[in-house]
Amino acid sequence: METISFEVEPEIARAYRNLSPTERQKIQIVLNIWLKQIINKSPIELDELIQRMQNRTNEHNHIPETTKIDAR
2 METISFEVEP
12 EIARAYRNLS
22 PTERQKIQIV
32 LNIWLKQIIN
42 KSPIELDELI
52 QRMQNRTNEH
62 NHIPETTKID
72 AR
């Protein structure tokens, strides 16, 4: 395994830091599987996935309009 880093929202970082080592490991396993699935998709499928996630998130008002993802 290798370590990578990427930015997340502050509340996600705080919640992750407060997890037990066992819970962190579970999340790392899930993210590893999820990232592998995303990376193996074609760029068109990935853009569509990002758009769907953005639409779903915006519908539920989880992120402000200014933080929309540019899938290009």
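Under my numbering, the first residue of the sequence shown carries the number 2, and numbering increases by one thereafter.
Quick reminder that beta carbons are idealized off the backbone N, C-alpha and C, glycines included.
Rounded C-alpha distance that separates residue i from residue j
i    : j   : result
L1   : I5  : This structure cannot speak to residue 1, because the chain is shown only from 2 to 73.
E49  : N59 : 15 Å
R15  : I34 : 23 Å
P103 : R18 : Absent from the structure is residue 103, since the part of the chain shown begins at 2 and ends at 73.
E24  : I30 : 10 Å
Which of helix, strand or coil DSSP assigns to residue i
i   : result
V9  : coil
E66 : In this predicted model, E66 has a pLDDT of only 48, less than 50, meaning its place in the structure is not dependable; the value taken from the coordinates is given anyway. Helix at E66.
N19 : coil
N33 : helix
T58 : helix
E3  : coil
K27 : helix
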